[in-house]
Amino acid sequence: MALLVRVLVSEGVVLYSRPPGPGVGVELGGWLQMCQSLVCGGSEQIPGMDMQLSRKYHTTNKLSTTKDSPQPVEEKVGAFTKIIEAMGFTGPLKYSKWKIKIAALRMYTSCVKKTDFEEFFLRCQMPDTFNSWFLITLLHVWMCLVRMKQEGRSGKYMCRVIVHFMWEDVEQRGRIMGVNPYILKKNMTVMTNNFYAAILGYDEGILSDDHGLAAALWRSFFNQKCEDPRQLELLVEYVRKQIQYLDSMNGEDLLLTGEVSWRPLVEKNPQSILKPHSPIYNDEGL
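For what it's worth, the working numbering labels the leading residue of the sequence shown as 59, then goes sequentially.
Shown next, in the form of structure tokens:
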């Protein structure tokens, strides 16, 4: 444990990248109301809007995946490993669990430190609140999970650690903002349910066409309150290109470093999605 703490200090990881501003405490008091609308079928009816999303919106061409997109890794495991994993334990992995945990922390930190939240607030017309921060972070964490699930058992283990760090961060932010412990615990339960509902919808949407992905984003990201089809179009294109960009990254590098970067929400040059350079991993002292 001391090793992990020492590494975190040396890395200079700052999970609380967005200090609370004026009025944030008031917004947090309404977490429960704001989060309930994330679950499919649990949203409020908006006057003048058809809940079936019948209005027409601009569709975008689905980005083709790269030919060298990684495929799920099939790992051969022994009978002993199968038994202990059936009991809920994690068997031997390709790399040290400590290395994977550190990489998972770096990957989650990339979701909160390398994302331009201000641009999302502006272009998606989202209020600068904790709930908006959570929705944007959730979307980027989900894209990381989609990528790492393709790296076999080690990748799936890393996914669990990423989600663990996310909830620790959310809880700590709530405490820093002075939320009542009882209310915080209650809202964390609601947010957990909404998280898995959103993940389920996004998974279905990414495997569907742009209409399916847009519907998932409209329900979970926009809280069923997006009236501008251009915002949906922008976000669908962003998710497609970002998934393609993550697929182009080397899986071994991601497992060992956790370093990811994000394409801008609006590309200055639409043809600029290039394969990123492989990061340098230094495991000295681990």
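Ideal Cβ placement from N, Cα and C applies to all residues, glycine included.
Owing to the predicted nature of the structure, the values given are computational and were not obtained by experimental measurement.
Per DSSP, GLU325 lies in no alpha helix (DSSP H) and is assigned neither H nor E. Put simply, the backbone Cα of ASN251 is about 12 Å away from that of TRP225.
Membership of PHE280 in any alpha helix (DSSP H) is not indicated, and neither H nor E is assigned to it by DSSP. Secondary structure of ASP311 (DSSP, three-state): helix. For CYS182, there is no enclosing alpha helix (DSSP H), since its DSSP letter is neither H nor E.
Contact annotation: the region 228-239 does not touch the region 281-294, with fewer than three C-beta pairs closer than 8 Å. Shortest Cα-Cα distance from ALA162 to any of MET246, ASP267, VAL199 involves VAL199. Taking C-alpha positions only, PHE188 is separated from PHE223 by approximately 17 Å.
Counting only runs of at least 4 residues, the region 150-175 fully encloses the following alpha helix (DSSP H) elements, listed from N- to C-terminal order: 155-171. Excluding five sequence positions before and after CYS217, the CB atoms of its chain that fall closer than 7 Å to its own CB belong to LEU203, MET206, LYS207, given in chain order. Judged by DSSP secondary structure, VAL199 falls within the alpha helix (DSSP H) whose first and last residues are 188-206.
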